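In the working numbering, the protein residues as written are 2 to 209. We put the beta carbon where it would ideally sit given N, CA and C, even for glycine. On a predicted model such as this, the values are computed, not experimentally measured, just so you know.
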């Protein structure tokens, strides 16, 4: 009987520690998938704050400089920012449900704010030149969501931003000089109204 109790105790411990290990291993994906549907800008105050590393250097005007390609293989560089007063950069992943849910709203905002000389681009966090396994899926998602703005391959130059994020989707603004707009980070899916408020807020701040 004593021997049986010892075996049972060992099995229980193994299950407990095995679950903890799996939970920790899955945490990044669980975090990124935690948002369902859309959320307003004010649902979570902490979600609108810039990641610590970016916030710390934002006063020095963190500038994005890169060369990558879009889903169709066209070269895209940071020169794309110079054509617009403000560009919304959306970080998304093909594995992320909320990312896919917000894409039609983001496309609608893209079309509406193009009239105000604004642009939208997306960084596909799980697609790179080294790993193109998600390319077909990314193209399918883009087609199904009706998106016409550019979705880019992730490159090392984006790591200064993407490595600090707590989840996706995350959106932030970049000015025409390629500098990240201080305090413009938002993590969580948005609906069209949320994107409009997001654009209007930072366009208004830019005009001051």
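In terms of residues, what are the limits of the alpha helix (DSSP H) holding residue 214?
Since the displayed the chain opens at 2 and closes at 209, residue 214 lies outside it and no answer follows.
In terms of alpha-carbon separation, which member of 145, 188, 63 lies closest to residue 105?
On the chain shown, residue 105 is found 104 positions in, with the first residue counted as 1. The candidate whose alpha carbon is nearest that of residue 105 is 145.
Taking C-alpha atoms, which residue in 208, 120, 162, 141 lies nearest to residue 92?
For the purposes of this step, residue 92 is identified with residue 91 of the chain shown, where counting begins at 1. Selected option, being the one with the closest Cα: 162.
Within this structure, are the beta carbons of residue 210 and residue 207 separated by less than 8 Å?
Any question about residue 210 goes unanswered here, given that the chain covers just 2 to 209.
For residue 83 and residue 101, what's the separation of their Cα atoms in angstroms?
Taking the first residue of the chain shown as 1, we reach residue 83 at position 82. Taking the first residue of the chain shown as 1, we reach residue 101 at position 100. Looking at the two C-alpha atoms, the distance is approximately 28 Å.
Does the separation of the CB atoms of residue 120 and residue 85 fall below 8 Å?
Indexing the chain shown from 1 puts residue 120 at position 119. Indexing the chain shown from 1 puts residue 85 at position 84. Cβ atoms of residue 120 and residue 85: closer than 8 Å.
When you compare the CB positions of residue 148 and residue 103, do they come within less than 8 Å of one another, or not?
Within the chain shown, numbered from 1, the residue matching residue 148 stands at position 147. Within the chain shown, numbered from 1, the residue matching residue 103 stands at position 102. No, the Cβ-Cβ distance between residue 148 and residue 103 is not below 8 Å.
Taking buried to mean at least 16 other C-beta atoms within 10 Å of its own C-beta, is residue 31 buried or exposed?
Position 30 of the chain shown holds residue 31. Model confidence at residue 31 stands at a pLDDT of 32, short of 50, so the residue's coordinates are unreliable; what they give is reported in the following sentence. Under this definition residue 31 is an exposed residue.
Cα separation between residue 152 and residue 201?
As a position in the chain shown, residue 152 is number 151, starting the count at 1. As a position in the chain shown, residue 201 is number 200, starting the count at 1. Rounded to the nearest angstrom, the two C-alpha atoms are 23 Å apart.
Using the C-alpha atoms, what's the distance from residue 139 back to residue 73?
Numbered from 1 along the chain shown, position 72 holds the residue referred to as residue 73. Numbered from 1 along the chain shown, position 138 holds the residue referred to as residue 139. The alpha-carbon atoms of residue 73 and residue 139 are separated by roughly 11 Å.
For a test of the three-state rule: what should DSSP assign to residue 85, helix, strand or coil?
Sequence index remark: in the chain shown, residue 85 carries index 84 (1-based). Correct three-state label for residue 85: coil.
Indicate, with yes or no, if the ligand MG has a heavy atom lying under 7 Å from the CB of residue 97.
Judged by which ligands are present, the structure shown has none, so any question about the ligand MG falls away.
Going along the chain, which residues of its own chain have a beta-carbon closer than 7 Å to the beta-carbon of residue 203, five neighbours each way excluded?
Within the chain shown, residue 203 is the residue found at index 202, counting from 1. Taken in chain order, the residues that qualify are 87, 174, 182, 185.
Cutting at 6 Å between CB atoms, please list the residues of its own chain near residue 1, excluding the five before and the five after it.
Because the chain here runs from 2 to 209, residue 1 falls outside it and cannot be looked at.
Which partner residues does residue 68 have in the DSSP bridge list?
For this step, residue 68 is matched to residue 67 along the chain shown. Residue 68 pairs with 78.
With DSSP run on the structure shown, which of helix, strand or coil describes residue 176?
If you number the chain shown from 1, residue 176 lands on position 175. Correct three-state label for residue 176: strand.
In the DSSP output, which residue or residues are listed as bridge partners for residue 126?
Here residue 126 refers to the residue found at position 125 when the chain shown is read from its first residue. Answer by DSSP bridge pairing: none, since residue 126 is not bridged.
I believe residue 66 touches residue 158 by the beta-carbon criterion, under 8 Å. Please report the beta-carbon distance rounded to the nearest angstrom.
Here residue 66 refers to the residue found at position 65 when the chain shown is read from its first residue. Here residue 158 refers to the residue found at position 157 when the chain shown is read from its first residue. At roughly 6 Å, the Cβ-Cβ gap stays under 8 Å, so residue 66 and residue 158 are in contact.
What does DSSP give as the partner residue(s) for residue 152 in the beta ladder?
Within the chain shown, numbered from 1, the residue matching residue 152 stands at position 151. DSSP lists 123 as partners of residue 152.
Could you check the C-alpha separation between residue 255 and residue 205 for me, to the nearest Å?
Outside the displayed range of the chain (2 to 209) lies residue 255, so it cannot be described from this structure.
Less than 8 Å between the CB atoms is what I'm expecting for residue 190 and residue 99, so what's the real figure, rounded?
Sequence index remark: in the chain shown, residue 190 carries index 189 (1-based). Sequence index remark: in the chain shown, residue 99 carries index 98 (1-based). Correct: roughly 4 Å between the Cβ atoms.
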